[in-house]
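Report on the structure given below.
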Amino acid sequence: MNVNQQPHMASPYGQPQPGYQGYPQPGYGGDNVPSGYPAQYAPYNGPGSAYQQGPPQGYSPYASFPSKTLTTNLVSDLSSSSPLDLGMRGPPTSGAPPVSGAQNYSQFGQGETQNGPPPMVAPPQRPPVSQPYTPAAVNLPGPQPTYGQQYGAPPVSMQQMTNQMASMQVGSTAPSPAGPGYAPQSFPQAPPVSQPPFSTAQVQPGPTQSYGRPLPSTQPSFPRPPLPTSQPSAFPAGPPPTSTPSQLPGVIQPQPPVSQPPPYHSGPPPTSTGFPPRPPFHGMQGLPMTSQGPPMASQGPPMASQGPPMASQGPPMGSQGPPMASQGPPMGSQGPPMASQGPQMGSQGPPMGSQGPPMAQANHILPTQPGMPPGPINTSLSGPPPQPGMQGYPAQQNGAFGQVRGPQPGYTGPYPGQQNYGAPSTAPAPAPAAPKRLDPDSIPSPIQVIEDDKANKGSEPFTTGVRGQAPPLVTTKFQVKDQGNASPRYIRCTSYNMPCNSDMAKQSQVPLAAVIKPLAPLPPDETPPYLVDHGESGPIRCNRCKAYMCPYMQFIEGGRRFQCGFCSCVTEVPPHYFQHLDHTGKRVDCYDRPELSMGSYEFMTTVDYCKNNKFPQPPAFIFLIDVSYNAVKNGMVGIVCQELKTLLDYLPRENPDVESNIRVGFVTYNKVLHFYNVKASLAQPQMMVVSDVADMFVPLLDGFLVNVSESRVVIESLLDQIPEMFADTRETETVFGPVIQAGLEALKAADCAGKLFVFHSSLPIAEAPGKLKNREDKKLVGTDKEKSLFQPQVSFYNTLAKECVAQGCCVDLFLFPNQYVDVATLGVVPTSTGGSIYKYTYFQAPSDQERFLNDLRRDVQKQMGFDAVMRVRTSTGIRVTDFFGSFFMSNTTDVELAGLDCDKTVTVEFKHDDKLSEETGALMQCAVLYTSCSGQRRLRIHNMAVNCCSQLADLYRNCETDTIINYFAKYAYRSILSSPTKNVRDSLMNQCAQILACYRKNCASPSSAGQLILPECMKLLPVYLNCVLKSDVLQPGADVSLDDRAYLRQLVSTMDVAESHVFFYPRLLPLQKLDVESMTLPMAVRDSEERLSRGGVYLLENGLNIFLWVGVSAQQELLQNIFGTPAFSQIDSNMTSLPALDNPFSKSLREIIESVRAQRSRYMKLMVVKQEDKLELIFKHFLVEDKNNNGGASYVDFLCHMHKEIRQLLS
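Using this note's numbering, you'd call the opening residue of the sequence shown number 1 and step up by one each time.
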């Protein structure tokens, strides 16, 4: 089914049940890699096995997509920065091969495709998927003339399409010199590319040949056959697949005569969805990204070259939906090659590519350059010049749209199989194929960017000593060496190059923010922060701004004084801390003191840093269990009591060999509260009931909070009795406010901080403080009043939260709802105290117990700080103006957290209050004062220095898109409390368009307005931003409950960059490619239904769920290895764990699932989704590059829309 047409069913979060389950999340996504990267990796290695070496003749549309291999490894190719033609077909031939001649499937051997004029043979077929396709550099010898060329007039509708798309191209860098109007241009010869995979074939300069010259009149123009709407489209340029797909919407491609083996397909076999297949990667067709220099021809007709697919054919992926596509031709819509500019990039702006690995992806999708192969020369292109009045875009003479350019010497020849394009025809032309739309493979691919970053930055340790260097992406595994700046595990910035002044910051609109995770866990090979004890005098600080001693303090006067790096104030060095300086002005003990040489460290504090000037008591954990009818019936009460018996042995502790000194207490409740005395001296626990919930108090002091080891027998007896005591309860009503008050009062009485674990099942409607009513009203969704649904119903909980923070009482809430419970209100106390919310909709013990228990174990055991206060200091010139996360603020500078655990982040935004200088850079210091789980009061310090720049190009060269998206999501999710969701979405889109328009205007080299030019390090901004815009919180489907939206809104507010990345762009792994021997994960594929092969099995994870999608034609052997049954029909889609089978594949797959779960802060329940099963609707919700049912745009459409917005801003 076409994902764009499906009604959504149950939600993706939670089991599918009648009623609404879990949360479907439309746009959660996470692993996309921009397509413009060096293509070492084939981006889409089709679905599995079905790749044939020989001509791909009878592909069933599902069998496997022809490879989307990257068409180019620009990295090395771009040294000469060749414009990559995104959609070129096979190498040019001099003269077209005779039509009937058979073509060799791969005349250059597998990976070497030749781009230049090849030997006089037919164009090679596209190499099998498994290897990346990188065309060798094309040496174009002489000037490349452009010819206006017209083939017979194509049907008008095609032409119109062409024109529509005419204006867009994407590229990541400067367009080629020829510039928009294409004067003849001569290219220097590019040296053959050095890429391993291909480049064996290098093109010889030879006589230039024109590709695409006007055909003699004998050449018939190709009428377009009627396209059947319902079937999948045919292969472009290849023999029709056996399964009767219809032609591809979008580009008319002639098909080779049957007698010859099909040439490269330019796109995958049609999928069943009727989406147009995607062309080969990278340089694919579609938006050509260009770079300057000799063109690189990649093969494969430029897919999108014509405008949006016509509706008459199966709706291509959403291409027609939003007007986006119609309006701006998709980015590269034309076919101009996407050349990425690698090294050049810089040419247009920051030489992005120049530094760092060359880029391989074009970010620029630009009009074909003179030397570029004319996009698919298909009828649509070669028709008469566009007619006036076509969709708004001026016709371009770029060879891509509008008037078709003439033959290009040195260009890849017509697409294979299409013999006569570009040379006088010697035989009748093959039948035309259907038109295509903007090719998804020609636009930046998240997977490619992720893989390139792993290849470039995953092997060496990341040393933090260099100011302003951007760290590896969150998806790359790397080791950090602290040399004076905090590890990226603790702090990630949106930009590592701050603008020197506020005008520049306003002009660029790039947010200046840092995502700080103060207690982040480190991998075993990294050293945790050192603990520094300065004794009774406490930490050394600046007298004026109170910044703590750090590597940015400058010692002067022989070491007797130091000058603060933040405020420049000079402070005396205390006698006990004095040390001489060496000849460079550094203290001689610099490397012996963590606070002088490291980015992160801790200080032991003195009593002055403690509440009421006395050292704190060890913290306490109180478990408050709902024992109303629903909680007992669904099994929650029994499960919690059983688990606590063993879990209490794993309370957090500093030293694993010493038992924890955290004390515990227990309360049960429904309409009244039951406190338990579990003193060690008692034979049996005692229960005390408090029915006056309006005035809560704790009925006992001694015996409520106890040490686990001393009272173990009594505690176990209590935990055995609770489920029995309430087994026959008929009480359905619950209270909630008094429950938190009870825990708070108990902590006050014990004079300690602590954490409440509340297990709650229903809306608190019983008469008591904090009583709520059901206000779920779907009619308000999408209106101006919708924001009220995310605000708390009553102010009671805000006041209660403030009291909890003052006491250091953190609340974690575990919800087990079967209907509306008003998460927006119940979540106020957890989110204000630094706590967490866990939600198990329609909880059923057999299927949800594992997830709940794993979450509970991790929540109880994780390292955390209590009664914390965090302050971020900055150097002169910038200041912190805004904060995002789960905390409370009683003033403008201090973030107060009753609890701070290792998963929580606080995001801070900076604004200029003065000018910054490029020499000194900008400094920030995050100091967190907290009580450790052993009761010690400590300060954790994280320091970070970033560069400052006076050139916009430098700003755009050092941004981190994942962090920007994390900030945008938090900003948007908070904004819906005060603005309608539509306004929030529009303002995000507008800011994104301004960021990209500013780059285009100030940093990119001049090029035609039809090109979409993206900064190298932000080329994924559009795809990721689209995922945020169509997420359930901002654009919900009809089946997404208000509670789910409120839950996700609160969840995202504390996510770190790695979690938000995979949440918005899920990771999709093709398991049929799993190599059992190497134990390395298969390379992910992009989140689109077009990337799924019917013969494959895929694992999708987004940090909250894991789906195992099984194609209907998956091999029997594969199914036998995973599920223990060879038959697709016998797979049980209700299973939540895979059977432990005795074969290497089963073992590897189960290990992969465990390792994926271990990387996430919440346990992900496994859901098995069979293709064409009802659960598939939930699964498709996470294929975030596709259009969704809530009105969310596909990636291609959104890119077109962004291009239109940018053009409007620039004009």
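Positions of the beta carbon are idealized from the N, C-alpha and C atoms, including for glycine. As the structure is a computational prediction, the values presented were derived from the model and not from experiment.
CA nearest to the CA of residue i, picked from the options
i     : options                     : result
E1117 : M725, Y552, G1192 and P1126 : P1126
G638  : F726, M688 and R663         : F726
A620  : L952, V811 and H580         : V811
V823  : N854, P846 and L789         : L789
C610  : Y1024, Q1171 and C752       : C752
V1112 : D1173, P511, L780 and D882  : D1173
D589  : E557, P551, I625 and M604   : P551
Q721  : V1184, Q642, L531 and E659  : Q642
A1158 : G1103, V880 and E960        : G1103
I837  : F757, T892 and E1059        : F757
N818  : E710, K839 and L923         : K839
V869  : Q807, R879, S917 and T584   : Q807
V1076 : E1101, L1048 and I1122      : I1122
V708  : A801, G535 and E659         : E659
C804  : V480, R938 and M889         : M889
G565  : R873, L1138 and H1181       : R873
P723  : I540, M636 and M687         : M636
K982  : E602, L673 and G1192        : G1192
P444  : T907, Y676, R1086 and V706  : R1086
P1036 : T799, Q861, K779 and V706   : K779
M504  : I995, R851, I1131 and S1031 : I995
L644  : A746, K911, K755 and L856   : L856
L955  : C493, D441, P440 and N456   : C493
Alpha-carbon spacing of residue i relative to residue j, whole angstroms
i     : j     : result
E919  : C948  : 8 Å
A768  : F843  : 26 Å
N1002 : R957  : 13 Å
S761  : Q1050 : 19 Å
P336  : L988  : Confidence is the limiting factor: at P336 the pLDDT is only 36, short of 50, which leaves the residue's position unreliable and the question unanswerable from this model.
E909  : L512  : 6 Å
R712  : L719  : 11 Å
S1146 : A1140 : 7 Å
V1062 : D1056 : 11 Å
F814  : C542  : 43 Å
M1164 : Y577  : 50 Å
V640  : V627  : 11 Å
M1135 : P846  : 10 Å
S425  : L438  : Residue placement at S425 is poorly supported in this model, since its pLDDT is 40, which falls under 50; the coordinates still yield a value, given next. Those two C-alpha atoms are separated by around 28 Å.
A680  : G885  : 40 Å
Whole-angstrom C-beta distance between residue j and residue i, which should lie under 8 Å
i     : j     : result
G1230 : G468  : Residue coverage of the chain in this structure runs from 1 to 1211, which leaves residue 1230 outside it and unanswerable.
Y1065 : Y1098 : Y1065 to Y1098, Cβ: 15 Å. No contact.
E731  : N670  : 4 Å
P574  : S597  : P574 to S597, Cβ: 19 Å. No contact.
T961  : C1017 : 7 Å
Bridge partner(s) assigned by DSSP for residue i
i     : result
G865  : L900
V928  : M870 and R940
V449  : In the DSSP output, where bridge partners are listed per residue, V449 has none listed.
Q1050 : Q1050 is not bridged to any residue.
S600  : H942
A620  : R663 and G754
L1141 : Looking at the DSSP assignment, L1141 forms no beta bridge with any residue, so it has no partner.
Which runs of the beta strand (DSSP E) fall wholly inside the region 502-548 and span at least 3 residues, in chain order?
513-516 and 530-532
Suppose only complete runs of 3+ residues qualify. What are the beta strand (DSSP E) ranges in the region 692-772, listed by chain order?
754-760
Scan the region 1066-1137 and note each continuous beta strand (DSSP E) run of 3 residues or more that stays entirely inside, going in chain order.
1067-1070, 1097-1101 and 1105-1110
Counting only runs that start and end within the region 660-684, where is the beta strand (DSSP E) found for 3 or more residues in a row?
663-669 and 673-677
At 4 residues or longer, and completely inside the region 554-583: list those alpha helix (DSSP H) runs for me, N to C.
none
Which complete alpha helix (DSSP H) runs does the region 985-1056 hold, if anything under 4 residues is left out?
1021-1029 and 1042-1052
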